[in-house]
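Going down the list, the protein sequences come from chains A and B. Numbering of the first sequence is given in our numbering, commencing with residue 14 and proceeding in unit increments. Numbering of the second sequence is given in our numbering, commencing with residue 14 and proceeding in unit increments. We put the beta carbon where it would ideally sit given N, CA and C, even for glycine.
Number of protein chains: 2
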Amino acid sequence: MSVEELQQAKKAVDFSRESLESVLKRRFFYAPAFELYGGVSGLYDYGPPGCAFQANIVDVWRKHFVLEEDMLEVDCTMLTPYEVLKTSGHVDKFSDWMCKDPKTGEIFRADHLVEEVLEARLKGDKEARGLASDANADADTDAEKKKRKKKVKEIKAVKLEDAVVKEYEEILAKIDGYSGPELGELMVKYEIGNPVSGDKLEPPRAFNLMFETAIGPSGQYKGYLRPETAQGQFLNFNKLLEFNNGKTPFASASIGKSFRNEISPRSGLLRVREFLMAEIEHFVDPTNKSHKRFPDVKDIKLRFLPRDVQQAGSTVPVETTVGEAVASKLVDNETLGYFIARIYQFLIKIGVDPERLRFRQHMANEMAHYAADCWDAELHTSYGWIECVGCADRSAYDLTVHANKTKEKLVVREALETPIEVTKWEATLVKKLFGPKFRKDAPKVEARLLALTQEELESYSAELKKDGKITLKVEGMEGEVEVDDKMVSIEKVTNTEHIREFTPNVIEPSFGIGRIIYAIFEHSFWSRPEDTARAIISFPPLVAPTKVLLVPLLNNPELAKITAQVSQTLRKEQIPFKVDESGVSIGKRYARNDELGTPFGITIDFDSVTDGSITLRERDSTKQVRGSVADIIKAIRDVTYQGVSWEEGTKNLAPFNTQAETD
Amino acid sequence: MSVEELQQAKKAVDFSRESLESVLKRRFFYAPAFELYGGVSGLYDYGPPGCAFQANIVDVWRKHFVLEEDMLEVDCTMLTPYEVLKTSGHVDKFSDWMCKDPKTGEIFRADHLVEEVLEARLKGDKEARGLASDANADADTDAEKKKRKKKVKEIKAVKLEDAVVKEYEEILAKIDGYSGPELGELMVKYEIGNPVSGDKLEPPRAFNLMFETAIGPSGQYKGYLRPETAQGQFLNFNKLLEFNNGKTPFASASIGKSFRNEISPRSGLLRVREFLMAEIEHFVDPTNKSHKRFPDVKDIKLRFLPRDVQQAGSTVPVETTVGEAVASKLVDNETLGYFIARIYQFLIKIGVDPERLRFRQHMANEMAHYAADCWDAELHTSYGWIECVGCADRSAYDLTVHANKTKEKLVVREALETPIEVTKWEATLVKKLFGPKFRKDAPKVEARLLALTQEELESYSAELKKDGKITLKVEGMEGEVEVDDKMVSIEKVTNTEHIREFTPNVIEPSFGIGRIIYAIFEHSFWSRPEDTARAIISFPPLVAPTKVLLVPLLNNPELAKITAQVSQTLRKEQIPFKVDESGVSIGKRYARNDELGTPFGITIDFDSVTDGSITLRERDSTKQVRGSVADIIKAIRDVTYQGVSWEEGTKNLAPFNTQAETD
């Protein structure tokens, strides 16, 4: 059926997260890891259909971005030394706030706890007032309620003061923006303790979310599992630039696991401790963020939720084209706009429902420590709107901090067409005077003077003229150091420069593959009003785990022979398929595979023996057509890999009618 | 050129590891990770060509094994709880022996140290005797000597007693087989200390090679980074079996990173701390290890190096077909033989030189703790023969230990065609008597009795008859426990069984992708006698990082237009390509890409503007042909993806002669 018909059909029966989860579990799309040992929260294994689905999405990602855009893909290690992540800011800032119950030893994530307790009180208040729960109820399935009950033991119908209700609502609206101490104050003010016993908790303290380990046998070389793939790309910047013959803009890309030691993982695949990321770092001249392929995407219409709209308390998106969004400065520049559009195209291609996708700009207080601006592709699920792709402008932050720390230049050098005159303050040292005065510290003093900023130079120049000397702090030396005007002169100098040197800015589209996968599960899951017990997962054929189910009508040697022949052809064509020779009815066999999201079925019957023809069935419409093995496989290939529609791909095949599938 | 011609051409110029490493570094195939921060030994990043090569190998692996054999691929977490790896044996046995220098704090891997010191002494002895170094010198390039010198500071020309030389040689031949205490004894006996200072070292102690971390915020839940992907597959066995409708044999597969905290990594990509593995776990009935596709591979001829040949001190392989090897019990069973053959086919497909591949059987003392038998695919490199693929029979070890630990059955249940009579010892308990006697310990005693083995039951049966009671130890209870014949009876019982229940055996082909990649680098690297400064890496087109280099003759708008058209076609066909529009000569541009292993080059010249024809160049032979864009691209596609030879694929295209490439 057409995309529109399918979207319509999906709405006919209400979505049930419990039904979806039951199918995903039964068909082993994924399962809690180490279930045999009781499981570890936040860790999941993908079974065969989940793993194949993930591999297909990665494959499409690689073609859509790396191949199509000629990006430089790298594969960097996950183990990362302390010093790198100290420099990047992750050691100090990549943390959540946690509170411990001193009696039980239980640990709670502070913001989640405040949020859940206040929400529970507001619900209790509504109950006491005899009102229904709030309009956001679509995020509250029974399963979710059950889960939440574990923390907030029971919702007591207690009426609150009107003023308190208002305070709670305001706090909840800003819950992502509080610091640890502020959360602590809220917990004291509103008497938020252990939700089961009510006991007071310790004040929130920062818990770093990186997994720590020791590299090598001494145990002293501290390292972490990377929290993102980005750092490996930044550290290889000079090699990548050289590989690209010194030219910008260019992008690197990386696909791999990252890690986050969540305090209390929840929401299934949406918040896990080990996850697959696909990240792009696009390095661009800060003075020119145009993109040569921007015209290709400028007419794509998207839903934007800008910062100011959110600040005004609204969630109504602005619908406009990417071209308009950039022209009006809603989106800062062409490169950012280009990637937002390309992210959209990718997500639609792999099965995201466009009606449930929006781009939300980060509020100033929720951005990561390195980001200058950030737009998230958010996908709507039964858990609410979920950030699945971030598209951040990291400015020159990372390259700058690593360059400062390692004293290695991480810059682009560009020949200027016309040389320019540059006037700058410069310090000139009389080096032979430094040794006698500073001994072993001489190199430190020299380095300090040569590293002065333009502002410092200007001010020291005045000091030098006035006092005949300057005093300054030097790292690694005690007290202040004095240097006189015989040792150093500071002057304004005009030079002709032929090379422009700059630290590129970085635009970073960053994909959380697991979250995207879960959202697509929800967006693709439906059932028919006449048969709600049977579920269908309508993956696009391109990313479906298996493309074809091969079904011989009966267990019979003649049919088995043809099955083997068709199998061989499919294998040769590298079209992933499964054979189902179980004795159950054709309808039951197809039903099983509708749950696996297999888009096509081939039936082999006794007419196949006579005339070599086979039947092809389409999953969503259950329409069937008949033709030769070659023609049927060509149709499968065209629809799966060439983007041809079912109608177009099967127009030369004969329609085929069979009995209803409900037997 | 043909495969044989290429093999011949490669031998014309001596291999130099230094030249290869220089190309791999210059072209950013890979580089030490965190080089900007001084690097971390044993950690490497893959740059764009290395990353693409790795991705292509993984893709071929997936098609060759998972798709072709209908395996169940899973993706399991790397973070693994302590208890799982305690049960699997890795906490206790996955370790190397290390020695610490108490003065300097330096740490040495004991077996490597003994090996290097004794080898150095033997060399010094030869020098003193005025003899050349030994015949194994092919493993000792200059680079390797340089590296080794770091540990063994200098080789002193000291003559040894003849008897000592013999002792040293015997020790070196068995170096992989010593335990830690034995290595410690050798170090005392032969006065092996810090090779620089000569100072005595602490006795060897076991160093576990797993990276440890803590999961969750309390810091008390200990975990490791997995040392292999296999455990995740074993733990999901029941789910996989159900997914396969309860039928064996079947195989699961997994591709992902594993970790090994090497004491002192060396030999570049061959011994690293984080590495990509691809592992298959084939679950098979222990009483029937036949393989239905064995006939497909039985005529493949391979080089086997069996255990007894090695024990006799020889390294001359046995050349025979897989069919013969299995028939003669050289290889234990069809399934093992089938996988050995399939490993061979895979390695050849991705560029391994068949002349430098052998299958070596593990000696009894070198097998991993879980293995019942093991054959390694070893690839010859300048470092010697390197284990790149293991093919182990893990018997029922893993499933059994996990089932025992978790009390969950990990078995296959097979309906018997004809029911069988089974006579077994059985204990029958009078449960109501246990509570009054053992109180809270009653369940332990009951469980102990029900878990008795057949041997124990037989012996206790006699004891019970004789004494009217039995005594036995029960875990978690002090002393011995007495149970009399009123509480338990032990009898031989004959039952009719309709179901056979068994723990499957596991055949495990396990691929170290990084090692294979390095071996292929060496096997593919060569240069022409007439131009040794230019290197060529002859990757098979199927796995080459980039398939085509697009070269416009000059920087010219008309040529640029055609370049853009050809680019678009290649992109649409998803053939990875690069454009080189730099001003340097065509020859230089091709030379650069010969180093990157790009198999094809397309030249666009002014005839292309007139008649639309383009030139196609083949990397190894430098032969050129000319034809239309469509015909040239078809030839590229056929040779790259369809396994068609260059001669066959280009037979309808016109030969094209141009000036020599050395300009």
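Residues within the region 46 to 59 of chain B neighbouring chain A, beta-carbon criterion of under 9 Å = Ala46, Phe47, Glu48, Leu49, Tyr50, Gly51, Val53, Ser54, Gly55, Leu56, Tyr57, Asp58, Tyr59
inquiry  = With a threshold of 7 Å on Cβ separation, who are the neighbours of Gly364 (chain B) within its own chain once the five nearest residues in sequence on each side are excluded?
reply    = Ile533, His536, Ser537, Phe552, Pro553, Val556
key: For Val652 (chain A), the first and last residue of its enclosing alpha helix (DSSP H)   = 642 to 654
key: Where Ile645 (chain B) falls, given that 16 or more other Cβ within 10 Å makes a residue buried   = buried
message = Taking only three categories from DSSP, how would you classify Gln587 (chain A)?
response = coil
DSSP three-state assignment for Ala156 (chain A), whether helix, strand or coil = Note on Ala156 (chain A): pLDDT 42, under 50, position unreliable in the model; the coordinate value appears next. Correct three-state label for Ala156 (chain A): helix.
key: Interface positions of the region 288 to 313 of chain A facing chain B (Cβ-Cβ less than 7 Å), listed along the chain   = none
query = For Pro94 (chain A) and chain B, any beta-carbon pair shorter than 8 Å?
reply = yes
message = Does the distance between the C-beta of Pro61 (chain A) and the nearest non-hydrogen atom of the ligand MN fall short of 7 Å?
response = Judged by which ligands are present, the structure shown has none, so any question about the ligand MN falls away.
ask   = What do you get for Val458 (chain A), buried or exposed, if any count of 16 or more other CB atoms within 10 angstroms of its CB means buried?
value = buried
query = In chain B, what lies closer than 9 Å to Met111 (chain A) by C-beta?
reply = Pro230
ask   = Near Glu439 (chain A), which residues of its chain fall below 6 Å by C-beta distance, leaving aside the five closest residues on each side in sequence?
value = Val506
inquiry  = I believe Asn274 (chain A) touches Asp406 (chain A) by the beta-carbon criterion, under 8 Å. Please report the beta-carbon distance rounded to the nearest angstrom.
reply    = Wrong, their Cβ atoms sit about 27 Å apart, outside the cutoff.
request  = Taking only beta-carbon positions, decide if Ser595 (chain A) is within less than 8 Å of chain B.
outcome  = yes
ask   = Would you say Asp88 (chain A) reaches chain B, if we count a Cβ-Cβ gap shorter than 8 Å as a contact?
value = yes
query = Shorter than 8 Å from the beta carbon of Leu248 (chain B) to some beta carbon of chain A?
reply = yes
inquiry  = Using a Cβ-Cβ cutoff of less than 8 Å, which residues in the same chain neighbour Thr576 (chain A) once the five nearest sequence positions on both sides are dropped?
reply    = Leu563, Pro565, Val592, Glu594, Ile617
ask   = Straight-line CA distance for Val501 (chain A) to Val443 (chain A)?
value = 6 Å
inquiry  = Please list the terminal residues of the continuous alpha helix (DSSP H) segment that includes Lys202 (chain A).
reply    = 193 to 202
key: Residue interval of the alpha helix (DSSP H) (run including Thr623 (chain A))   = 619 to 624
ask   = In terms of residue numbering, what span does the alpha helix (DSSP H) encompassing Phe352 (chain A) cover?
value = 347 to 362
request  = Starting from Pro61 (chain B), find everything on chain A with Cβ-Cβ shorter than 7 Å and list it in chain order.
outcome  = Leu85, Glu86, Val87, Phe256
request  = Check whether the Cβ atoms of Ser265 (chain A) and Met111 (chain A) lie closer than 8 Å to each other.
outcome  = no
inquiry  = Would Lys585 (chain B) pass as an interface residue toward chain A - the criterion being a Cβ-Cβ separation below 8 Å?
reply    = no
task = Go ahead and label Asp27 (chain B) buried or exposed: buried means 16 or more other beta carbons lie within 10 angstroms of its beta carbon, across all protein chains shown.
result = exposed
Under 8 Å by beta carbon: chain B residues contacting Leu80 (chain A) = Arg584, Gln587, Pro589
ask   = Can you list the residues of chain B that Gly245 (chain A) reaches, using a CB-CB cut of under 9 Å?
value = Ala46, Phe47, Asp58
query = DSSP three-state call for Ala546 (chain B): helix, strand or coil?
reply = strand
request  = Using a Cβ-Cβ cut-off of 8 Å, state whether Val657 (chain A) counts as contacting chain B.
outcome  = no
request  = Find the nearest neighbour of Pro319 (chain B) within the set B:Gly662, B:Arg371, B:Lys179, B:Asp298, judged by alpha-carbon distance.
outcome  = B:Arg371
inquiry  = Please identify the residue among B:His295, B:Pro522, B:Asn301, B:Phe451 whose C-alpha is closest to the C-alpha of Cys401 (chain B).
reply    = B:Pro522
ask   = Expressed to the nearest angstrom, what Euclidean distance is found between the alpha-carbon atoms of Lys160 (chain A) and Glu391 (chain A)?
value = A caution first: Lys160 (chain A) carries a pLDDT of 45, below 50, which makes its placement in the model unreliable, though a value can still be read off. C-alpha separation (whole angstroms): 23 Å.
task = Step through the CB atoms of chain B and report whether any lies within less than 8 Å of the CB of Asn149 (chain A).
result = Reliability fails at Asn149 (chain A), whose pLDDT of 44 lies under 50, so the model's placement of it is uncertain and no value is given.
ask   = Given a threshold of 16 other Cβ atoms within 10 Å of its Cβ, counted over all protein chains shown, does Ser267 (chain B) qualify as buried or as exposed?
value = buried
query = From the beta carbon of Glu198 (chain A), is the nearest beta carbon of chain B less than 8 Å away?
reply = no
inquiry  = Considering only their Cβ atoms, is the gap separating Thr516 (chain A) from Leu412 (chain A) smaller than 8 Å?
reply    = yes
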